[in-house]
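All remarks here apply to the structure that follows.
Residue numbers (my numbering), protein chains in the order written: chain A, 67 to 298; chain B, 408 to 861.
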């Protein structure tokens, strides 16, 4: 499948998850996307899965404590100044599960995009929005680039006999990682400038025409959005 | 008539204390290969950037004088306008890659300059073939070795068929054979297509055989500009190490001692399950310097990491006595602390006195309070070396320690290593001249995955 219809299909599924009103429907969409992500190579998929599922889990844990909705009270905690009495109700809990599934579905759709799509072809297929699509593609590559940089920094420490263990050990990587990415982005910008990026009259390498599977994916995306809005 | 001219060019980077270029005047003719030499920080890369119009357009700073390329004044025409007429290969290939697949990467410049779509793939493929990388066209750039990536980036510049080709240390990540092929290719381009080539190089032996003209920069000023024959005489008198790089560095103090590390019949494969090493062996003794050489992708770094204990072998055994430290290829990885002495002390359990001694050993006394990121690339190399020396290891492993290091600094490094009989030293390098200068023993890692002592 070509990358543009694949991206449209993923967008359609993510949109359906945002439009759907039933927790079970959103959970099914998230599960399908999770299965897609799990088929990616192990070394590449874990940062995306940790990010997507971790943020969904965090939302699930935090929401019942910050929302104040009526319902059957499952737990009552201490009273905190400004916030008030902490409690967890059935309505807050079901809302938290629903929103966590939604966030997981949208994050996993992005993860599937990052893991499976040929970003080069996506950029080349982009017409007027080529610069924006290129920026998104480069940003998508940031995760594996940061992962490689982090591995290099860990190696530089281990090469001196220092094992960066635990949260504190890993936290010392953050500053050099950020500074390193800034340095790299400047070097990349310079190289792109030297190669004529942004010059008027740019062309694109010839691409093969769309096939039946590509048209099917776009149709599937439209159907997913309609189903999300009307029935799910 | 000159294709490109720099007239009385001076340039000061934003925030810099001293100019990177001072009153430099140079003309570049079609079909001429010009080699730019000089110590690290002498302004070589800045001169190349001036011809690409990246200075002053990309970097800002204070620019005076005039640079004109193919009739275009770089004060009025930026890098994008010159792209196609000028093509630049930068020092670090990893920092210039835009796309994920090789063919698309090579096609990127062609697309930007408006090449007809039907011609782009053929020209990109042809450029890849010219650098012997046609087989890489469908590969992901993240899967390539440093040397392969360097060739892909060169192909991306050649595909543009530029009139002026700027090569900034193009062989820094290449093995000797690939480096020779690259320099010969640049010369062939100049002879056959009339391309003007301006090249900086820290392994000058081969370019000095083949180029037409040499520029030598000292602190941003042009100290020499002349044809190759005159350049050799001038270099012998003023900077002999640039023409005799790889010569003996003096008294060999070493005496072989006890075995510090032994690798027996080791094999290793990364996640892709391709066997990088198969039944390799190596013995390192205290007091000796061993150079590990071999073509790109032959497993040199893998073997070094196994010796350092950073990787575990798939099969075979690795035995070590005492402590081992490993100097990574990238000195940009030694930037965890805000002060140089604190950075160096990380491996020495925070012992600042040891860290300051190590800094002094590598010529960085007085730099203790400086931030590692504020150091020049050459100074960062030395800081990284101090960081692995400070723990006083029994086995010191240096992975490509001369990448981007000028010949004079290489000679200093060779002297430093040779004068240290207290440990075993393994140097992984593509720089055969440096290997010859520093090593008691050179071990060649062949692509057939066999080790052969030389």
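Cβ coordinates follow ideal geometry from the N, Cα and C atoms, glycine included.
Straight-line Cα distance separating residue j from residue i
i: residue 78 of chain A; j: residue 286 of chain A; result: 8 Å
i: residue 771 of chain B; j: residue 598 of chain B; result: 44 Å
i: residue 493 of chain B; j: residue 557 of chain B; result: 18 Å
i: residue 677 of chain B; j: residue 732 of chain B; result: 22 Å
i: residue 592 of chain B; j: residue 186 of chain A; result: 29 Å
i: residue 521 of chain B; j: residue 263 of chain A; result: 11 Å
i: residue 76 of chain A; j: residue 105 of chain A; result: 16 Å
i: residue 796 of chain B; j: residue 803 of chain B; result: 8 Å
i: residue 852 of chain B; j: residue 740 of chain B; result: 26 Å
i: residue 69 of chain A; j: residue 271 of chain A; result: 15 Å
i: residue 241 of chain A; j: residue 637 of chain B; result: 49 Å
i: residue 559 of chain B; j: residue 552 of chain B; result: 11 Å
i: residue 181 of chain A; j: residue 99 of chain A; result: 12 Å
i: residue 85 of chain A; j: residue 124 of chain A; result: 22 Å
i: residue 818 of chain B; j: residue 690 of chain B; result: 26 Å
i: residue 656 of chain B; j: residue 635 of chain B; result: Confidence at residue 656 of chain B is low in this model, with a pLDDT of 48, below 50, so its placement is unreliable and no value can be given for it.
i: residue 216 of chain A; j: residue 122 of chain A; result: 24 Å
i: residue 617 of chain B; j: residue 601 of chain B; result: 16 Å
i: residue 449 of chain B; j: residue 429 of chain B; result: 10 Å
i: residue 495 of chain B; j: residue 101 of chain A; result: 44 Å
i: residue 295 of chain A; j: residue 210 of chain A; result: 35 Å
i: residue 117 of chain A; j: residue 97 of chain A; result: 16 Å
i: residue 751 of chain B; j: residue 849 of chain B; result: 29 Å
i: residue 293 of chain A; j: residue 103 of chain A; result: 23 Å
i: residue 753 of chain B; j: residue 780 of chain B; result: 16 Å
i: residue 843 of chain B; j: residue 651 of chain B; result: 12 Å
i: residue 462 of chain B; j: residue 212 of chain A; result: 29 Å
i: residue 546 of chain B; j: residue 513 of chain B; result: 12 Å
i: residue 290 of chain A; j: residue 175 of chain A; result: 13 Å
i: residue 698 of chain B; j: residue 824 of chain B; result: 12 Å
i: residue 526 of chain B; j: residue 603 of chain B; result: 24 Å
Contact set for residue i: own chain, Cβ-Cβ below 8 Å, skip 5 residues either direction
i: residue 808 of chain B; result: 734, 788, 792, 820, 834 and 836
i: residue 498 of chain B; result: 452, 575, 576, 579 and 811
i: residue 236 of chain A; result: 230
i: residue 135 of chain A; result: 155, 157, 158 and 161
i: residue 145 of chain A; result: 151 and 152
i: residue 647 of chain B; result: none
Sequence-distant residues of the same chain with beta carbon closer than 6 Å to residue i, five excluded per side
i: residue 279 of chain A; result: 67
i: residue 582 of chain B; result: 702, 703 and 837
i: residue 669 of chain B; result: 690 and 726
i: residue 667 of chain B; result: 691, 693, 728, 801, 802 and 831
i: residue 813 of chain B; result: 446, 447 and 609
i: residue 412 of chain B; result: 434 and 475
Range covered by the alpha helix (DSSP H) that runs through residue i
i: residue 851 of chain B; result: First-last for residue 851 of chain B: 848–852, but that is the beta strand (DSSP E), not the alpha helix (DSSP H).
i: residue 690 of chain B; result: Taken as a continuous stretch (DSSP letters only), residue 690 of chain B belongs to no alpha helix (DSSP H), being part of the beta strand (DSSP E) at 682–692.
i: residue 131 of chain A; result: 108–132
i: residue 773 of chain B; result: Where residue 773 of chain B is concerned, there is no enclosing alpha helix (DSSP H), given that its DSSP letter is neither H nor E.
i: residue 92 of chain A; result: 89–104
i: residue 645 of chain B; result: 635–645
i: residue 527 of chain B; result: 524–537
i: residue 780 of chain B; result: It is not in any alpha helix (DSSP H) - residue 780 of chain B carries neither H nor E in the DSSP assignment.
i: residue 475 of chain B; result: Not the alpha helix (DSSP H): residue 475 of chain B falls in the beta strand (DSSP E), residues 469–476.
i: residue 554 of chain B; result: 553–565
i: residue 235 of chain A; result: 232–237
Continuous beta strand (DSSP E) stretch holding residue i: start and end
i: residue 276 of chain A; result: Residue 276 of chain A -> no beta strand (DSSP E), and no H or E assigned at all.
i: residue 155 of chain A; result: 150–155
i: residue 146 of chain A; result: 139–146
i: residue 723 of chain B; result: 722–727
i: residue 259 of chain A; result: Per DSSP, residue 259 of chain A belongs to no beta strand (DSSP E); it is in the alpha helix (DSSP H), 240–260.
i: residue 432 of chain B; result: 428–435
i: residue 607 of chain B; result: 603–607
i: residue 494 of chain B; result: 493–496
Whole-angstrom C-beta distance between residue j and residue i, which should lie under 8 Å
i: residue 436 of chain B; j: residue 409 of chain B; result: 5 Å
i: residue 619 of chain B; j: residue 440 of chain B; result: 5 Å
i: residue 614 of chain B; j: residue 649 of chain B; result: Rounded, the Cβ-Cβ distance is 11 Å, inconsistent with contact.
i: residue 725 of chain B; j: residue 714 of chain B; result: 7 Å
i: residue 418 of chain B; j: residue 468 of chain B; result: 6 Å
i: residue 518 of chain B; j: residue 269 of chain A; result: 5 Å
Cβ-based neighbour list, residue i, same chain, cut-off 7 Å, excluding 5 preceding and 5 following
i: residue 130 of chain A; result: 154, 158, 159 and 162
i: residue 138 of chain A; result: 155 and 156
Proximal chain C residues relative to residue i, where beta-carbon distance stays under 9 Å
i: residue 284 of chain A; result: No chain C is part of this structure, whose protein chains are labelled A and B.
Q.
I want to know whether the segment 497–508 of chain B touches the segment 247–264 of chain A - three or more CB-CB distances under 8 Å.
A. Three or more pairs of CB atoms, one per stretch, sit closer than 8 Å, so the segment 497–508 of chain B contacts the segment 247–264 of chain A.
Q) Is the segment 145–160 of chain A in contact with the segment 80–87 of chain A, if contact means three or more CB pairs nearer than 8 Å? A) No: fewer than three Cβ pairs fall under 8 Å.
Q.
Counting beta carbon pairs with one atom in the segment 532–549 of chain B and one in the segment 558–567 of chain B, are three or more of them shorter than 8 Å?
A. Between the segment 558–567 of chain B and the segment 532–549 of chain B there are three or more inter-stretch CB-CB distances shorter than 8 Å, so the stretches are counted as touching.
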